[in-house]
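Okay, structure first, notes after.
There are 2 protein chains.
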Amino acid sequence: MSQTVDRALSILPLLAQGPADLGQVAERLGVHKSTALRLLRTLHEHGLVHRQQDQRYRLGARLFALAQEAVENLDVREIAHPYLAALNEQIGHTIHLAVYEEGEVLYIDKVESRYPVRMYSRIGKPVAITVAAVAKLLLADLPEPERRAVAAKLDYPPYTPRSTPNAAAFLKELATVREQGWATDLGGHEESINCVGAPIRGADGRVVAAMSVSAPNVVVTAEELLTLLPLVRRTADDISREYSGTTPTKEASA
Amino acid sequence: MSQTVDRALSILPLLAQGPADLGQVAERLGVHKSTALRLLRTLHEHGLVHRQQDQRYRLGARLFALAQEAVENLDVREIAHPYLAALNEQIGHTIHLAVYEEGEVLYIDKVESRYPVRMYSRIGKPVAITVAAVAKLLLADLPEPERRAVAAKLDYPPYTPRSTPNAAAFLKELATVREQGWATDLGGHEESINCVGAPIRGADGRVVAAMSVSAPNVVVTAEELLTLLPLVRRTADDISREYSGTTPTKEASA
DNA sequence: GTCCAGCGTTGCAGCAACTGCAACGGTCAT
DNA sequence: ATGACCGTTGCAGTTGCTGCAACGCTGGAC
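In structure tokens form, the structure reads like this:
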């Protein structure tokens with residue numbers, strides 16, 4: 169929409185392919201050298217472009233700083249909440265959002281069920297890490313050594329007969345979860361409660377958070393809950409898209 | 169130099185601090201709303217800016233992709249990483265790699281005590297330039313006039329009582345560092361954290377990057393950390409050798 | 001040592017593109 | 001239902017961007 173800015177920004181992906189000198193930039197932009205020079209100078213002043221000793225231009229380090237700062241100020245919870253609320257509006261069950269931090273999995277958001285029966289959980293409270301669907305999702309994406317280290321250090325309390333019994337079983341479960349891209353907890357924490365969950369990913373593809381839908385047996389059976397899985401996964405993907413800043417331009421978003 | 173582009177680029181650091189709506193952007197830019205809108209639209213078309221559901225703007229995925237590509241073009245990082253990982257394996261502490269660019273010192277790689285972290289963790293963050301060991305190493309090697317200019321322009325925040333107090337002290341410290349070929353930060357940034365660092369040099373002998381090992385007092389004392397210095401220097405020298413020996417660059421374009 | 005070629009840089013005249021205004025339509029809260 | 005607010009649009013004025021042409025510098029050829 170703005171010609172000048174449009175041209176200037178077109179320089180960035182061009183330089184991303186490798187360093188280029190003024191003439192090359194001008195040619196590939198289809199503008200006069202002096203025009204390219206002025207654009208490059210402006211980019212340079214903002215640190216987005218760096219000039220190396222041989223006078224060629226390449227992408228500048230401030231790009232890192234910007235990306236870094238942006239990520240630090242990104243709040244998954246804030247972005248996810250409207251989606252969670254909408255999903256809750258649609259299906260009615262309790263919805264959780266959790267993150268992994270320093271060997272723990274913590275709930276950071278929760279939208280209560282509309283039904284009278286509620287499960288006990290609290291925002292900020294550590295999750296039952298060996299059984300919860302969100303915990304499986306988050307741990308499944310850890311780098312292999314850390315995943316093993318965490319799994320080895322955990323206790324495996326037998327909340328119910330279906331609870332994860334030990335580290336070996338847990339790691340196997342994590343492999344399955346990583347493979348299929350979703351997770352469940354079918355009565356592993358409390359006999360009568362089932363959950364299905366899906367991961368939320370950042371721009372680099374890493375799992376930054378996980379969400380789950382929980383419902384007691386008396387309201388929906390495990391099979392019925394599983395029919396919600398596509399919806400849950402789609403919601404998680406929507407959140408991922410929003411979180412990572414992927415722009416769905418020109419594409420009909422399903 | 170180019171007003172339009174200058175304004176457009178000024179939006180980026182503004183949005184890095186957090187999402188903002190059209191009115192806020194226009195106000196902080198000092199332009200009319202319609203002008204800000206056109207700039208934001210252009211940034212949006214290039215994917216640098218993302219519009220979230222509440223219509224506010226934040227930085228977009230393309231920026232992260234560009235930052236990623238830019239960091240991959242820094243071949244020091246690729247060469248150094250295996251060495252950093254190996255050293256981390258051996259001594260366990262956190263290891264940083266940093267470069268100097270345009271008056272700033274930036275971390276471009278980091279190996280955590282426990283596991284390797286990719287781009288979006290801490291990397292890209294500007295270093296506490298007046299106290300960090302890597303910053304001293306990089307600035308110590310600048311040509312004299314530039315070194316003085318940079319030192320004069322810096323702030324000298326008193327993070328701790330041991331922080332570098334002013335430009336004169338800083339320049340003196342840089343002279344020492346240049347002389348001895350290594351640097352430390354003993355509680356100058358955070359009371360309980362010490363670092364030792366060494367320079368990585370290119371074929372021409374100039375410092376192209378710097379690495380450091382950091383550890384909290386509670387784990388190792390400053391004296392113990394200093395016993396690692398020969399190891400750190402040897403690693404840095406190994407990296408320097410490989411970096412200056414290979415020289416695969418400069419021919420990669422077209 | 002001289003000349004030529006190539007590149008980055010600068011000042012300027014012309015005008016294309018950007019700016020800001022004012023008015024419109026939508027949403028939300030009162 | 002009403003009003004306030006925000007994003008959006010079309011337009012006239014003119015700002016500031018564009019491309020030209022000329023200059024200085026560097027490096028290579030002879």
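First to last, the sequence lines map onto chains F and E. Position one of the first sequence corresponds to residue 169 (this note's numbering), numbered consecutively onward. Position one of the second sequence corresponds to residue 169 (this note's numbering), numbered consecutively onward. Backbone N, C-alpha and C fix where the C-beta goes; we use that ideal spot for every residue, glycine too.
By the criterion of Cβ-Cβ separation under 7 Å, what are the contact partners of Pro-367/F in chain E? Correct list: empty, because the minimum Cβ distance to chain E is about 16 Å.
To be precise: take each residue of the region 244-256 of chain F, compare its Cβ to all Cβ atoms of chain E, and keep it if any distance is under 8 Å. Which residues remain? Flagged, chain order: Ile-247, Pro-250.
Starting from Arg-330/F, find everything on chain E with Cβ-Cβ shorter than 9 Å and list it in chain order. None at all; the shortest Cβ gap to chain E is about 31 Å.
Unbroken beta strand (DSSP E) run spanning Leu-265/F, endpoints: 262-269
Neighbour flag for Val-345/F against chain E, beta carbons, 8 Å: Not closer than 8 Å to any Cβ of chain E, the Cβ of Val-345/F fails to qualify, so no.
Could you tell me the alpha carbon to alpha carbon distance between Leu-208/F and Val-239/E, rounded to whole angstroms? 19 Å
Whose CA, out of Thr-344/F, Pro-333/F, Ala-254/F, lies closest to the CA of Asp-406/F? Ala-254/F
In the structure shown, what three-state DSSP assignment does Asp-353/F receive? strand
Could you confirm whether any beta carbon from chain F is found closer than 8 Å to the beta carbon of Ser-380/E? Answer no: the Cβ-Cβ gap between Ser-380/E and chain F never drops below 8 Å.
Near Ala-390/F, which residues of its chain fall below 7 Å by C-beta distance, leaving aside the five closest residues on each side in sequence? Same-chain partners within the cutoff: Leu-354, Asn-362.
Rounded to the nearest angstrom, how far is the Cβ of Ala-184/F from that of Leu-234/E, given a contact under 8 Å? Ala-184/F to Leu-234/E, Cβ: 6 Å. Contact.
Tell me the start and end of each unbroken beta strand (DSSP E) in the region 175-252 of chain E that is at least 3 residues and wholly inside, in chain order. 217-219, 225-227
Tell me, please, whether the region 263-282 of chain E touches the region 374-394 of chain E by the rule of three or more beta-carbon pairs shorter than 8 Å. By the C-beta criterion, the region 263-282 of chain E is judged to be in contact with the region 374-394 of chain E, since at least 3 inter-stretch pairs fall below 8 Å.
Which value, in whole angstroms, describes the spacing of the CA atoms of Asn-256/E and Leu-397/F? 42 Å
Less than 8 Å between C-beta atoms, sequence neighbours within five positions excluded: which residues of the same chain meet that for Arg-286/E? Unreliable placement is indicated for Arg-286/E, whose pLDDT of 40 sits below 50; no coordinate value is reported for it.
Ordered along the chain, which non-local residues of its own chain (more than five positions away) have a Cβ less than 7 Å from that of Tyr-251/F? Thr-403, Asp-406, Ile-407
Alpha carbon of Leu-339/F to alpha carbon of Arg-316/F, nearest angstrom: 8 Å
Alpha carbon to alpha carbon, how far is Lys-304/E from Gly-365/E? Give it in angstroms, no decimals. 9 Å
Classify Asp-243/F as buried or exposed, calling it buried when 16 or more other Cβ atoms lie within 10 Å of its own Cβ. exposed
Can you have a look at Asp-309/E and say buried or exposed, based on whether 16 or more other CB atoms are within 10 angstroms of its CB? buried
Out of Pro-181/E, Thr-262/E, Ala-296/E, Pro-325/E, which one is the CA nearest neighbour of Val-273/E? When only C-alpha atoms are compared, the closest one is Ala-296/E.
In whole angstroms, what is the alpha-carbon distance linking Thr-262/E and Val-381/E? 6 Å
Helix or strand or just coil, what does DSSP make of Asn-256/E? helix
So which residues of chain E does Arg-206/F contact, with C-beta pairs closer than 9 Å? Met-169, Ser-170, Val-173
Classify Asp-277/E as buried or exposed, calling it buried when 16 or more other Cβ atoms lie within 10 Å of its own Cβ. buried
Give the secondary structure of Lys-293/F by DSSP, where H, G and I count as helix, E and B as strand, and everything else as coil. coil
Can you pull out the residues from the region 388-420 of chain F whose beta carbon lies closer than 7 Å to at least one beta carbon of chain E? Glu-410, Ser-412, Gly-413, Thr-414, Thr-415
Measuring alpha carbon to alpha carbon, tell me which residue in Pro-329/F, Ala-335/F, Trp-350/F, Ala-337/F is nearest Glu-359/F. Pro-329/F
Where Met-379/E falls, given that 16 or more other Cβ within 10 Å makes a residue buried: buried
Would you please verify whether the beta carbon of Ala-229/F is less than 8 Å from any beta carbon of chain E? Judged by the 8 Å Cβ criterion, Ala-229/F is in contact with chain E.
Using a cut-off of 7 Å between C-beta atoms, extract the partners of Arg-196/F located in chain E. Going along chain E, no residue has its Cβ under 7 Å from Arg-196/F, so there is no contact; the nearest lies around 11 Å.
State the Cα-Cα distance for the pair Ala-301/E and Trp-350/E, rounded to the nearest angstrom. 8 Å
So Tyr-324/F and Gly-356/F are supposed to be a Cβ contact under 8 Å. How far apart are they, rounded? Contact doesn't hold; Cβ gap of about 11 Å is too wide.
Taking the alpha helix (DSSP H) that Ser-382/F falls in, what are its first and last residues? From DSSP, Ser-382/F is part of no alpha helix (DSSP H) but of the beta strand (DSSP E) over 375-384.
Chain F beta carbons: is any one of them nearer than 8 Å to that of Arg-209/E? yes
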